[in-house]
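A.B. asks: Here the protein sequences come in this chain order: B and E.
Read in my numbering, the first sequence has 20 at position 20, and its numbers run on one by one without any break.
Numbers in my numbering are just positions in the second sequence, counted from 1, shifted up by 71.
Idealized CB from N, CA, C, for every residue including glycine.
As the structure is a computational prediction, the values presented were derived from the model and not from experiment.
Protein chains: 2
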Amino acid sequence: MELARLFGECLQSIRKRQGISQEELAHLCDLDRTYISLLERGKRQPSLTTIFVIAKNLGYKPSDLIKQIEN
Amino acid sequence: MELARLFGECLQSIRKRQGISQEELAHLCDLDRTYISLLERGKRQPSLTTIFVIAKNLGYKPSDLIKQIEN
Numbered sequence: 001m002e003l004a005r006l007f008g009e010c011l012q013s014i015r016k017r018q019g020i021s022q023e024e025l026a027h028l029c030d031l032d033r034t035y036i037s038l039l040e041r042g043k044r045q046p047s048l049t050t051i052f053v054i055a056k057n058l059g060y061k062p063s064d065l066i067k068q069i070e071n
Numbered sequence: 072m073e074l075a076r077l078f079g080e081c082l083q084s085i086r087k088r089q090g091i092s093q094e095e096l097a098h099l100c101d102l103d104r105t106y107i108s109l110l111e112r113g114k115r116q117p118s119l120t121t122i123f124v125i126a127k128n129l130g131y132k133p134s135d136l137i138k139q140i141e142n
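Structure below.
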């Protein structure tokens with residue numbers, strides 16, 4: 001589940017850089033806060049839609065979010 | 072499930088352009104052929120790992136595959 005862990009780390013660092021709490025991001029994305037926490041700890045894999053929703057609410061293009069994990 | 076449908080259309084057109092059957096792509100990706108078919112018809116959402124595996128086996132960077140759906 002290496003990719004899930006990388007996605008989680010990337011998500012957490014972007015979120016913290018923007019000074020957004022898990023609660024705020026969950027609210028923006030209409031997701032549960034615990035799910036955001038599970039994603040950030042690499043315990044869940046985001047689906048295509050979740051990647052797009054999270055990227056949009058962090059002000060990223062989905063492809064740019066994926067690029068961060070690719071490299 | 073608009074995104075799933077877009078992903079499916081994109082996957083199918085790339086696969087066909089490369090002359091690869093669903094069976095062959097499924098084998099390359101170590102996925103079930105019926106799952107490839109469900110993805111192509113937008114009936115299933117790919118997870119992060121599935122996006123990476125499929126992109127790699129089609130010779131695409133995952134971010135480039137996502138970019139096709141973004142636009």
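So B/Asn71 is in the alpha helix (DSSP H); what residue range does that whole segment cover?
C.D. replies: For the purposes of this step, residue 71 of chain B is taken as residue 71 along the first sequence, with counting starting at 1. Element bounds for B/Asn71: n/a, residue is neither H nor E.
A.B. asks: Rounded to the nearest angstrom, what separates B/Ser37 and E/Thr121 at their Cα positions?
C.D. replies: Counted from its first residue, the first sequence places residue 37 of chain B at position 37. Counted from its first residue, the second sequence places residue 121 of chain E at position 50. Answer to the nearest angstrom: the Cα atoms are 22 Å apart.
A.B. asks: Output, in chain order, the set of chain B residues within a Cβ distance shorter than 7 Å of E/Gln93.
C.D. replies: Mapped onto the second sequence, residue 93 of chain E falls at position 22. The contacting residues do not exist; E/Gln93 stays about 19 Å from chain B at best.
A.B. asks: Nearest chain B C-beta to E/Glu141 closer than 9 Å, yes or no?
C.D. replies: Position 70 of the second sequence, counted from the start, is the residue given in the question as residue 141 of chain E. By this cut-off, E/Glu141 is an interface position.
A.B. asks: Can you pull the chain B residues whose beta carbon is under 8 Å from the beta carbon of E/Gln83, in chain order?
C.D. replies: Numbered from its first residue, the second sequence carries residue 83 of chain E at position 12. By Cβ distance, chain B contributes nothing, its closest Cβ being about 15 Å from E/Gln83, past 8 Å.
A.B. asks: List the residues that DSSP assigns as beta-bridge partners of B/Ser47.
C.D. replies: The residue given as residue 47 of chain B occupies position 47 in the first sequence. Paired residues: E/Ser118.
A.B. asks: What does the Cβ neighbour count give for B/Asn57, buried or exposed, with the cut at 16 atoms within 10 Å?
C.D. replies: The residue you call residue 57 of chain B lines up with position 57 of the first sequence. By the 10 Å Cβ count, B/Asn57 comes out buried.
A.B. asks: Can you tell me the Cα-Cα spacing of E/Arg112 and E/Arg88, whole angstroms?
C.D. replies: Counting from one through the second sequence, the residue named residue 112 of chain E turns up at place 41. Counting from one through the second sequence, the residue named residue 88 of chain E turns up at place 17. Going from the Cα of E/Arg112 to the Cα of E/Arg88 covers about 17 Å.
A.B. asks: For E/Ala97, return the contacting residues in chain B, with the cut-off set at a CB-CB distance below 9 Å.
C.D. replies: Stepping through the second sequence from its first residue, residue 97 of chain E is reached at position 26. Within 9 Å Cβ-Cβ: nothing; E/Ala97 doesn't reach chain B, min ~19 Å.
A.B. asks: Is E/Leu77 closer than 9 Å to E/Gln116 when the C-beta atoms are compared?
C.D. replies: By 1-based counting over the second sequence, the position of residue 116 of chain E is 45. By 1-based counting over the second sequence, the position of residue 77 of chain E is 6. The answer is no: Cβ separation not under 9 Å.
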